[in-house]
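Residue numbers (this note's numbering): 5 to 89.
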């Protein structure tokens, strides 16, 4: 820790999130506030698959996990899987 700075850590006990596909939607009363309004997108993306070297290859990786493309947005992958059922 640098001199003059303090850090305080508190566990998160409750959170809230909203999922919207059509942009921000602020309350009418909030639109007159003297501050920035909007949203900041957060996306989790899939990384490069890391095989377990202790397990022998049994099938094609593409066949098994080809739908989990590197760089794909995780929410989009989950949406496609849900829609395909």
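Each residue gets a CB set at the ideal place from its N, CA and C atoms; glycine is no exception. Treat the numbers as computed from the prediction; the structure is a model and nothing was measured.
Counting C-beta pairs closer than 8 Å gives fewer than three between the region 28–41 and the region 66–76, which falls short of the contact rule.
Relative to residue 74, the option among 30, 17, 52 whose CA is nearest is 52. With respect to residue 62, residue 55 sits apart: the two C-beta atoms are not nearer than 9 Å. A straight-line Cα-Cα distance of about 29 Å links residue 47 and residue 57.
Distance from the Cα of residue 25 is smallest, within the candidate group 17, 15, 79, 34, for 79.
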